[in-house]
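Below is one structure; the comments refer to it alone.
Number of protein chains: 4
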Amino acid sequence: MTLYLDDLRVRRLGECRYDSPFSEMLSTKQTSPHYVSEGDRVLLEDTVSMLAEHDLPPGRVPSFEAAGPRRKIYFDPDRVTAGIVTCGGLCPGLNNVIRGLVQELTVHYRVKRILGFRNGLKGLTAEHRNDTVELTFDRVRDIHNVGGTILGSSRGGQDADEMVDSLVMRGVDIMFVIGGDGGMRAATFLSDAIKARGLDIAVVGVPKTIDNDLPFTDQSFGFQSAFARATDFISSVSVEAAASPNGVGIVKLMGRHSGFIASYAALAANGADIVLVPEIPFALGGPDGLLAHVEKHVRAKGFVVIVVAEGAGQDLIEKHGLPQHNGRGTDASGNVKLGNIGEFLKEAINAHLTAVGLAPTMRYLDPSYAIRSIAANAYDAVYCLRLAHAAVHAAMAGRTEVAVARWRRRFVHVPLSLMTSRRNQVDPDGDLWMSVLETTCQPAQFGTAAGREAVRPAAFSA
Amino acid sequence: MTLYLDDLRVRRLGECRYDSPFSEMLSTKQTSPHYVSEGDRVLLEDTVSMLAEHDLPPGRVPSFEAAGPRRKIYFDPDRVTAGIVTCGGLCPGLNNVIRGLVQELTVHYRVKRILGFRNGLKGLTAEHRNDTVELTFDRVRDIHNVGGTILGSSRGGQDADEMVDSLVMRGVDIMFVIGGDGGMRAATFLSDAIKARGLDIAVVGVPKTIDNDLPFTDQSFGFQSAFARATDFISSVSVEAAASPNGVGIVKLMGRHSGFIASYAALAANGADIVLVPEIPFALGGPDGLLAHVEKHVRAKGFVVIVVAEGAGQDLIEKHGLPQHNGRGTDASGNVKLGNIGEFLKEAINAHLTAVGLAPTMRYLDPSYAIRSIAANAYDAVYCLRLAHAAVHAAMAGRTEVAVARWRRRFVHVPLSLMTSRRNQVDPDGDLWMSVLETTCQPAQFGTAAGREAVRPAAFSA
Amino acid sequence: MTLYLDDLRVRRLGECRYDSPFSEMLSTKQTSPHYVSEGDRVLLEDTVSMLAEHDLPPGRVPSFEAAGPRRKIYFDPDRVTAGIVTCGGLCPGLNNVIRGLVQELTVHYRVKRILGFRNGLKGLTAEHRNDTVELTFDRVRDIHNVGGTILGSSRGGQDADEMVDSLVMRGVDIMFVIGGDGGMRAATFLSDAIKARGLDIAVVGVPKTIDNDLPFTDQSFGFQSAFARATDFISSVSVEAAASPNGVGIVKLMGRHSGFIASYAALAANGADIVLVPEIPFALGGPDGLLAHVEKHVRAKGFVVIVVAEGAGQDLIEKHGLPQHNGRGTDASGNVKLGNIGEFLKEAINAHLTAVGLAPTMRYLDPSYAIRSIAANAYDAVYCLRLAHAAVHAAMAGRTEVAVARWRRRFVHVPLSLMTSRRNQVDPDGDLWMSVLETTCQPAQFGTAAGREAVRPAAFSA
Amino acid sequence: MTLYLDDLRVRRLGECRYDSPFSEMLSTKQTSPHYVSEGDRVLLEDTVSMLAEHDLPPGRVPSFEAAGPRRKIYFDPDRVTAGIVTCGGLCPGLNNVIRGLVQELTVHYRVKRILGFRNGLKGLTAEHRNDTVELTFDRVRDIHNVGGTILGSSRGGQDADEMVDSLVMRGVDIMFVIGGDGGMRAATFLSDAIKARGLDIAVVGVPKTIDNDLPFTDQSFGFQSAFARATDFISSVSVEAAASPNGVGIVKLMGRHSGFIASYAALAANGADIVLVPEIPFALGGPDGLLAHVEKHVRAKGFVVIVVAEGAGQDLIEKHGLPQHNGRGTDASGNVKLGNIGEFLKEAINAHLTAVGLAPTMRYLDPSYAIRSIAANAYDAVYCLRLAHAAVHAAMAGRTEVAVARWRRRFVHVPLSLMTSRRNQVDPDGDLWMSVLETTCQPAQFGTAAGREAVRPAAFSA
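Read top to bottom, the protein sequences are chains A, B, C and D.
Residues 1 to 462 (the UniProt record's numbering) make up the first sequence, in order.
Residues 1 to 462 (the UniProt record's numbering) make up the second sequence, in order.
Residues 1 to 462 (the UniProt record's numbering) make up the third sequence, in order.
Residues 1 to 462 (the UniProt record's numbering) make up the fourth sequence, in order.
Right under this line is the structure:
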């Protein structure tokens, strides 16, 4: 799945004819380690061997358009109406992004009308399209101190044409879609429908994924806040397990397909003995299996602490699980409902340790809602603000079907469709997972020499 | 000050002959977005134009050696003695780095003897060289939950030969120096003295700077923890100023030469009206000066919040300051003692507002010790751990005169001397400062059209 | 269940013959609002009408012996051995109490031998009695920064005579039992067995109950830390519910018999719409029932937030619950296992709202382990320290079969047996519950005019 | 300064003729440990000896009227206008109190008009009386999450008649004054002026003192939040001092006349070696003086941590201080400006240790603004809410010249004039200070056997 320069080009609505409020400020800036000038681009690859492999002149090497203000813009700020919608599950920073969008639009571009659509894409249906919130800077000034989203959110896509009708009827010229996998896909469909009708509406995505599973993004906004908070819960079960005879602490963390939160939180807490992620299959039984390893820990130090991502071990649940652990059907966003790996492990480990005479004390936590709902930490506050500013600059300059992202610490424009073309996952061969193994000292695999290959099919991002 | 590939090469003590405990794990790994293989290197530059400017084949483009474990190592783990020292001012994460070094050395390489030298480089003098702490993993297991450094620290360099004598007398093969500007310089002198004597001792630096002013580093460890905490104090003076008639809130933050903490904290708190950093000179008086701007704010919204880096406006103190605001002499590390810009501004603004009939309520905070002394946050905990692991891998593989750093999210080896060859600063033309201006809406300059050039002489890092 | 003065008298092992280290300091102190002198006592009652009802001279009014150091003590500090054990579920402050006991014993009384028994009363069995931890002040200096208990804990009583054997065999003169309902009962049996054998061993209880359900105690240690932390989780489900179409946020909090944590946390969070506690029965159905009230909230403001104590509504689960919600049997401490009221409500409300066409989004949290395991907050840190000091003073002065407690802000001695003679509960007629009603505006009863009396049988403390 | 029953009686505007919304709820309630019925009263004293000393029948023993709702009220809620003002320095919980007042007035009593006067008593002057904020529950719903006061505050009293004019002109029937020493005094003058004019206006005080120095109050609101936060700064200088050769950490905390914050924070942090409060004089020099003790600590453990209340040691500054340490004049509230004991100690200790060859590293923090400005913690949130409810009940029932307070955990009515008749201070003979001495192991006096009596003149409360 090699990417070429043309795959990374971003669509523009047309020529930029209006002076930007940043014209003068930009007139002398040049590319530096701290700035990418308007004509320049950011490299996709960052090592000598990857560069050599392309064997292309610099101008043809795969690269992203840099984000940021432009000297000329496409939309006339005096006449522009912007729309904002937040989709999918909660993530720290949603309100920061809304606030940043409104700040940049009103304070700098002096845009006068910003509509917040309510409750995710439902807010763009015929039924709800008039139930919008007028967003001013006064309205959003302090919302970043609170978690959640003042606009509400929901899962599930909607008919693209009905959504375009809503934009037309409400006079929206620029639509900001803050959302995850599902939201980015919906934004792509929306863009397609707009293009098909030949409308002059920009669609700009702000990728949101608490799991950090969207590609072309160093770390998604809210991710650091989330794993920091997750760390507290690892500490909780560690304290509980350590104070109980044969204590077994288990925390189930977010991560449907990607174990980033589990991995980072385990590194930060530094008390986890075992980390289980969707990317690395594991066996329960056998001399190298998880249960044997758990037993070994309990015998050696009196307790064990396990961090498990919600998407881990789904194959085991299907094979061994009780009915109540199985996931059933799909949610409104079309995501397969996962089996409950936390409850499954709790029962499996309890049964095993009881059987071998170690009468365990089980301590299980499932804190996801208590993590998703917090306000962004200081780092994410800065990140969301700057990402929102970049999104506004992109839209005002007529970029569309585009997402703003941060790639190796540069803010860049990524074609929307690319954001859903692959998934960011913990690479079993990457250095993050190596750090996890170095810190937990868990085996690279729990009895599944064979199983490992099965899970690695071209899924790793970029 | 262009850098060439040869400038970035790292010195090795000799051939790696011992099998590393990571040999097998590394046997199949290849460069990917998540891993850089042993032969590959990380590009210094990251844009098309910077690449084109070099006009070199990939193999000659400036690049860093990637950090990480090697299949073969230089030192025999069974016989190795490691030393650790922490130098300079406190910074969140020092204990995490110590812990990470000890963990990797003992758990993975099975090194049996690790000496912690006390109170900075003083601990390497003849007088104190025997006052060391034996570091085991049990001893350091929980130290990351506390700020400061269990080894103690101090400012000031020591005689290089005396320090080498200490290493020889204590049988140290690998010396880890965790320190800032001064510590990296001392480590360089130490390396030079070792080389001059033809000794087989590796010196590996772990760069520490709460100000984030060392080069070739995305962000130095502890920096995120520090600016997050700084944000609280901006909130404090904001609350105080907003609740007082004509309230003026001022926070002085760390930043001798570089305004990163001030800039990031102001972006995160999002309540700062004015940010003053060492990189951007400003005038007090005149229609565009700081005082006029402060007055305008107080008249318009009733209060004003100012964030000032300790190194800002030093020229003004010399020119206008009362004797007690002036800095005098240098500290033990040879740093010029700064004038007290916070107290200076407090008095200058108080005088001005009183003069124009606005009878201000001044609220000033100088919280540096309350910031430096906190424990690392979750992000920095992960970062310090991985940085420490990288330092151990570098040392065991015989790299010396080297610092470990993170460059655009890859862990790399940087020649020690480069770490003190330039300074990382807030670029007035970079996008971080642009974000500050967009958020505070303060003018790009306070009445110093001319002054600006004066402060920008080639200081901004690679 | 009226109490007379004699019910409140505390047993003493014998005459105090040794000089206390506090002799001189105490020589001039007299009763004041800040001190109760050795001969004085603290009133049980605090209103004019309650005082009048007794119709007794002051010296016969029910009152407690004040805690604190004595001029003369019973045990010779040079020869004393103290034992410490922690029992039952975790509670913030356990380590603070251990630390405070060790500090006072060693620093002031210069006691030389302190044994920590492991894992609750199990540690006093013949099998485990030799597996003790030697406690010194160096060992415990920093343990208060961490939750849990360094001694470990467990549920369940043990044979009293076997425990006395352990004390005798290990030479223990003073035994501190930190525990809840079960721990206080065990301490009473232990005291009885000691008395029966005519041994000279003091047993002093430090009452521990995160639920705040022990009597004669303003608020039990750890309670404030616990409800403060619980508040965060109410905020979490509030944010989640508010951001979801027809969001229903439910938090299940600790409180088997007493709804103090639920009540206080709801008052502090101030976002709870409904608080359900064990003391106030409620009906699900009917026009005044819980479900109707929930529906009304969702229709009116779009979401609802419910805080439920784990012991609430147990009658409903038995009547309406699915098998998996029912509690079964008893735990090791003999507590009846509760039905899962949180899961029960989640399903019942989901079913009801779905039936009336409101398609809810359910957000349920069960954070108990994440609350119990935190370190004590500043208030509890002070409280635990002073309580521990009081316990040491009591023991050294030869008090036995006694618990230390705080009664209307005075530290007092309470006969051990009284601690388990009644239960502290939220009084439906008291001013705390009135505050809850004033704040949530929920009805005084949910459709159970009759049911209310059923639950109030003389249960309310003191 | 003995108090008699009549001293504790509260003035009423007249007969209560209107039904309260709480009539029904109250009809069956009786005094219990959790409730005080309308006719009953709360005892001032709480020990047998203090009771015996009065030698009075229960009905004549000094006692307070209990706070809480009444069955009949004085004001017609339909026609009542309430005013709110916040005075003096910031304190955690001000916004909570405002919020609680508005909640109870609007939600329960259905009062329709509430005016918030701006910037303290200045807002009641002729110049500012029309600059009020209309307070509704929607306006104040979330203000408790932020520190400070939405109404602004200021120091200094105003002409009582001018303030009464403002109340009359704005139609205010009930005036809530949230303030400290100065605010309570101003409220008393205001009441006097109202009474002199025969007006039917209730004045109810909500005592606010971060120093906890007002009498008849268990602990003032915000105090727990404040000392909890102060603890962080003690930790900061402890970490700094411990990591520095001969480190001396000093924190100056609030406490003009009363060392409660210093004492409680030192107990909670449990790392302070020396606590200095205004109530206990100390000598600098001599063999038992502070400097000798500091030196001893530094020699013994390498560093020392000192917590000093701002009002401590003022006599020493006058005697030994440099001019810049001296306080000058008074502030707008008439408080004498204190000398800077923190800076004074820093210089004195630095000079002494340098002189004896210990070359200290000084670490000094003055974090008051960072403490005063925080939001209330969970405990204070509950306390402020209930205190505000009590204030509303008192006012609606026609009580005037009254403050609401908490006395030994009961909410009570205290005549306004009593709140400024004495001061709550740390009793050198009380058990709090004994706990401080037990924990720090500092001497009861630093070389001032004589000085001690000098400072104890009848100042201790109640």
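We treat Cβ as the ideally placed atom computed from N, Cα and C, and that holds for glycine.
This one's a predicted model, so the numbers in the text were calculated from it and none came from an experiment.
| Residues in the stretch 345–363 of chain A with C-beta within 7 angstroms of chain C's C-beta atoms, listed in sequence order? | 363
| task | Could you list which residues in chain A have their beta carbon closer than 7 angstroms to that of residue 236 of chain C, in chain order? | result | Mapped onto the third sequence, residue 236 of chain C falls at position 236. The answer, in chain order, is 369, 370 and 373.
| said: Check this for me: beta carbons of residue 5 of chain D and residue 62 of chain D, under 7 angstroms apart or not? | reply: Your numbering for residue 5 of chain D matches position 5 in the fourth sequence. Your numbering for residue 62 of chain D matches position 62 in the fourth sequence. Yes, the pair counts as a contact, with Cβ atoms nearer than the cut-off.
| message | Cutting at 6 angstroms between CB atoms, please list the residues of its own chain near residue 183 of chain A, excluding the five before and the five after it. | response | Walking along the first sequence from the start, residue 183 of chain A turns up at place 183. Cβ neighbours of residue 183 of chain A beyond the five flanking positions: 87, 88 and 177.
| said: Pull the bridge partners of residue 393 of chain A from the DSSP assignment, please. | reply: Numbered from its first residue, the first sequence carries residue 393 of chain A at position 393. Answer is none; residue 393 of chain A lacks a bridge partner.
| Do you know how far the Cα of residue 55 of chain C is from the Cα of residue 39 of chain D? | In the fourth sequence, residue 39 of chain D corresponds to position 39, counting from 1. In the third sequence, residue 55 of chain C corresponds to position 55, counting from 1. Looking at the two C-alpha atoms, the distance is approximately 18 angstroms.
| Residue closest to residue 290 of chain D, alpha-carbon to alpha-carbon, out of D/445, D/329, D/204 and D/132 | Taking the first residue of the fourth sequence as position 1, residue 290 of chain D is located at position 290. Ranking the options by Cα distance to residue 290 of chain D, first place goes to D/445.
| request: Leaving out five residues on either side along the sequence, give the residues of the same chain with a beta carbon under 7 angstroms from the beta carbon of residue 14 of chain D. | output: Position 14 of the fourth sequence, counted from the start, is the residue given in the question as residue 14 of chain D. Cβ within range, chain order: 74 and 398.
| query | Excluding the five sequence neighbours on either side, which residues of its own chain have a C-beta within less than 7 angstroms of the C-beta of residue 37 of chain B, listed in chain order? | reply | On the second sequence, position 37 is the one that residue 37 of chain B refers to. These residues qualify, in order along the chain: 29, 30 and 31.
| Quick one: Cα of residue 92 of chain C to Cα of residue 365 of chain D, how far? | Numbered from 1 along the third sequence, position 92 holds the residue referred to as residue 92 of chain C. Numbered from 1 along the fourth sequence, position 365 holds the residue referred to as residue 365 of chain D. About 29 angstroms.
| said: Assuming contact is defined by CB atoms lying nearer than 7 angstroms, are residue 80 of chain D and residue 173 of chain D in contact in what I supplied? | reply: Walking along the fourth sequence from the start, residue 80 of chain D turns up at place 80. Walking along the fourth sequence from the start, residue 173 of chain D turns up at place 173. Yes, the Cβ-Cβ distance between residue 80 of chain D and residue 173 of chain D is below 7 angstroms.
| query | So residue 439 of chain C packs on residue 135 of chain D, CB below 8 angstroms; how close in whole Å? | reply | Within the third sequence, numbered from 1, the residue matching residue 439 of chain C stands at position 439. Within the fourth sequence, numbered from 1, the residue matching residue 135 of chain D stands at position 135. No, residue 439 of chain C and residue 135 of chain D are not in contact; Cβ-Cβ is about 18 angstroms, not under 8 angstroms.
| said: Quick check: is the beta carbon of residue 240 of chain B nearer than 7 angstroms to any beta carbon in chain D? | reply: The residue labelled residue 240 of chain B in the question sits at position 240 within the second sequence. By this cut-off, residue 240 of chain B is an interface position.
| query | Looking at C-beta atoms only, is the number of pairs between the stretch 334–348 of chain A and the stretch 247–258 of chain A that lie closer than 8 angstroms three or more? | reply | yes
| query | In chain order, what residues of the same chain have a beta carbon less than 6 angstroms from the beta carbon of residue 298 of chain A, not counting five sequence neighbours either side? | reply | Position 298 of the first sequence, counted from the start, is the residue given in the question as residue 298 of chain A. Contacts found: 246, 304 and 358.
| Hey, how far is the Cα of residue 167 of chain D from the Cα of residue 443 of chain D? | Numbered from its first residue, the fourth sequence carries residue 167 of chain D at position 167. Numbered from its first residue, the fourth sequence carries residue 443 of chain D at position 443. Near 53 angstroms, if we compare the C-alpha coordinates of residue 443 of chain D and residue 167 of chain D.
| said: In the DSSP output, which residue or residues are listed as bridge partners for residue 112 of chain A? | reply: Position 112 of the first sequence, counted from the first residue, corresponds to residue 112 of chain A. Answer is none; residue 112 of chain A lacks a bridge partner.
| query | For the beta strand (DSSP E) that contains residue 297 of chain A, what are its first and last residues? | reply | Counting from 1 along the first sequence, the entry for residue 297 of chain A is found at position 297. Not the beta strand (DSSP E): residue 297 of chain A falls in the alpha helix (DSSP H), residues 290–301.
| Counted within 10 angstroms of its Cβ, other Cβ atoms place residue 33 of chain A as buried (16 or more) or exposed | Within the first sequence, the letter at position 33 stands for residue 33 of chain A. With 16 or more other Cβ atoms within 10 Å, it is buried.
| message | Three or more C-beta pairs under 8 angstroms: does that hold for the stretch 265–274 of chain D against the stretch 317–325 of chain D? | response | no
| query | At what residues does the beta strand (DSSP E) containing residue 406 of chain A begin and finish? | reply | Residue mapping note: residue 406 of chain A aligns to position 406 of the first sequence, counting from 1. 402–407 is the extent of the beta strand (DSSP E) around residue 406 of chain A.
| request: Determine, using beta carbons only, whether residue 370 of chain A and residue 154 of chain C come nearer to each other than 7 angstroms. | output: Position 370 of the first sequence, counted from the start, is the residue given in the question as residue 370 of chain A. Position 154 of the third sequence, counted from the start, is the residue given in the question as residue 154 of chain C. No, these two residues do not count as a Cβ contact at 7 angstroms.
| task | Figure out for me which residue from B/381, B/391, B/242 and B/194 has the closest Cα to the Cα of residue 225 of chain B. | result | One-based indexing of the second sequence puts residue 225 of chain B at position 225. Residue 225 of chain B has its Cα closest to that of B/381, out of B/381, B/391, B/242 and B/194.
| message | So that I know if they touch, is there some Cβ in chain B lying closer than 7 angstroms to that of residue 29 of chain A? | response | The residue labelled residue 29 of chain A in the question sits at position 29 within the first sequence. So, interface residue.
| From the beta carbon of residue 267 of chain D, is the nearest beta carbon of chain C less than 7 angstroms away? | By one-based count along the fourth sequence, residue 267 of chain D stands at place 267. Yes, residue 267 of chain D lies at the interface with chain C (some Cβ there is under 7 angstroms from its Cβ).
| Going along chain A, which residues have a C-beta under 7 angstroms from residue 386 of chain B? | Along the second sequence, one-based indexing puts residue 386 of chain B at 386. Going along chain A in sequence order, the residues near residue 386 of chain B (Cβ under 7 angstroms) are 435.
| query | Any Cβ of chain B within less than 7 angstroms of the Cβ of residue 421 of chain A? | reply | For the purposes of this step, residue 421 of chain A is taken as the residue at position 421 of the first sequence. No, its Cβ sits nowhere closer than 7 angstroms to a Cβ of chain B.
| So which residues of chain C does residue 258 of chain A contact, with C-beta pairs closer than 9 angstroms? | Here residue 258 of chain A refers to the residue found at position 258 of the first sequence. Here the premise fails: no neighbours, minimum Cβ distance about 22 angstroms.
| query | Thinking C-alpha only, which one of C/257, C/60, C/49 and C/64 is nearest residue 418 of chain C? | reply | The count along the third sequence starts at 1 and reaches residue 418 of chain C at position 418. Closest by alpha carbon: C/64.
| message | Let me confirm a value: residue 319 of chain B is counted as buried when at least 16 other C-beta atoms fall within 10 Å, else exposed. Which label applies? | response | As a working mapping, residue 319 of chain B is identified with position 319 in the second sequence. By the neighbour-count rule (16 or more Cβ atoms within 10 Å), residue 319 of chain B is not buried but exposed.
| task | Measure from the C-beta of residue 188 of chain A to each C-beta in chain C and report whether the shortest distance is under 7 angstroms. | result | Here the question's residue 188 of chain A lines up with position 188 in the first sequence. So, not an interface residue.
| Going by the CB atoms, is the gap between residue 71 of chain C and residue 23 of chain C shorter than 7 angstroms? | Here residue 23 of chain C refers to the residue found at position 23 of the third sequence. Here residue 71 of chain C refers to the residue found at position 71 of the third sequence. A contact, by the Cβ cut-off of 7 angstroms.
| message | With DSSP as the reference, identify every bridge partner of residue 35 of chain D, one or two as the case may be. | response | Here residue 35 of chain D refers to the residue found at position 35 of the fourth sequence. For residue 35 of chain D, which the question treats as bridged, DSSP gives the partners D/32.
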